[in-house]
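Residue numbers for the sequence shown, in the working numbering: 6 to 218.
Heads up, the beta-carbon is just placed ideally off N, CA and C, and yes, glycines get one too.
Every value quoted in this text rests on a predicted model; they were computed, and no experiment measured them.
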Amino acid sequence: MISLSNSTLNLFLECPRCFWLHFNKKISRPRGIFPTLPTGMDSVIKSYFNYYRDKGELPPLIAGKVEGKLANISLNLNFIDSNLDLKITGKLDECLFLNDGIYIPLDHKTRSSLPNNVEYSQNYYQTQMDTYTLLLQKNGYSTRNQAYIVYYSPAKGELHKGVPFEVEVHSLLTSPDKAFQLFHSAKLCLAGEIPDSHPDCEFCRWKKETSQF
6 MISLSNSTLN LFLECPRCFW LHFNKKISRP RGIFPTLPTG MDSVIKSYFN YYRDKGELPP
66 LIAGKVEGKL ANISLNLNFI DSNLDLKITG KLDECLFLND GIYIPLDHKT RSSLPNNVEY
126 SQNYYQTQMD TYTLLLQKNG YSTRNQAYIV YYSPAKGELH KGVPFEVEVH SLLTSPDKAF
186 QLFHSAKLCL AGEIPDSHPD CEFCRWKKET SQF
C-alpha cells in the first residue's frame with residue numbers, strides 16, 4: 006500500500022518524474038538547508054492555541070476573525086482506500102468547530118510580510134486545504150468545504166516586551182473531490198512507466214544540462 010500526504014502530492018504536481026523516482030526508485034531530490042526559525046515559530050503558535058483551547062476560548066489573535074471554537078479532535082488524520090490500495094495522511098495545524106456541528110481546518114503560515122490578497126492562498130495552499138477537508142470528511146467530520154489560513158508577520162514594536170505580530174486571515178472554498186482525484190492520479194502515476202519531467206522542474210533541467218559533462 007502506498008501512503009501519500011499533501012507534501013508528496015505537491016511533489017507530484019511539481020514534477021511527476023521526480024515523484025515517480027522518489028517512490029519507485031527511492032531517489033529523492035537534493036535537500037537544501039532547512040530553516041529552523043519557522044519551525045520554532047510554529048511550535049510557539051501551537052502552544053499559544055492549546056492554552057486557549059484549554060480555556061474554551063478563541064485566541065485573541067484570531068478572535069473576531071474566524072467562526073466557532075477550537076476543536077478537541079486528533080489533528081493527525083488518515084484515510085485508506087482499499088480499492089486503490091492507497092493511504093492518504095495529513096496533520097492539521099488546527100481545526101475549528103461550529104455550533105452546528107461543522108468542522109473547518111485552519112493552517113498557520115509565518116511570513117516576513119502579509120500577502121494582502123486571498124489569491125496568494127489559492128495559488129499556493131489550495132491543494133493542502135482541499136486535502137485537509139477531504140481527510141476530515143473521510144473521518145466522519147462534517148464540513149462545509151471551507152478552510153482558514155492565518156498569516157503571522159512580525160510588526161514594529163519594543164522587542165524587549167516580546168515580538169508583536171500582525172495577523173491576516175484568509176477564508177478558502179475547498180474541493181475535497183478535487184483533492185481525491187489528484188491522489189488517484191498520483192497513485193496511477195506510480196503504477197505506470199516513468200513519466201516525463203515537468204517542463205519547469207529545475208532539478209530535472211539541471212540533471213539534463215549537466216549530463217553532457
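CA-CA distance, Phe188 to Ile154, rounds to 22 Å. For the pair Thr115 and Leu91, the Cα-to-Cα distance works out to about 32 Å. Inside the stretch 120-151, DSSP marks whole alpha helix (DSSP H) runs of 4 or more residues at positions 123-143, from first to last along the chain.
Each of His203, Met6, Cys209, Asp205 was checked against the Cα of Ile93, and the nearest Cα belongs to Met6.
Taking C-beta separations shorter than 7 Å and ignoring five residues to either side along the sequence, the partners of Trp25 in its chain run Cys194, Leu195, Ile199, Pro200, following chain order.
By the neighbour-count definition (other C-beta atoms within 10 Å, threshold 16), Tyr56 is an exposed residue. Collapsing the DSSP output to three states places Asp90 in coil. DSSP places Thr215 inside the alpha helix (DSSP H), whose first and last residues are 207-215.
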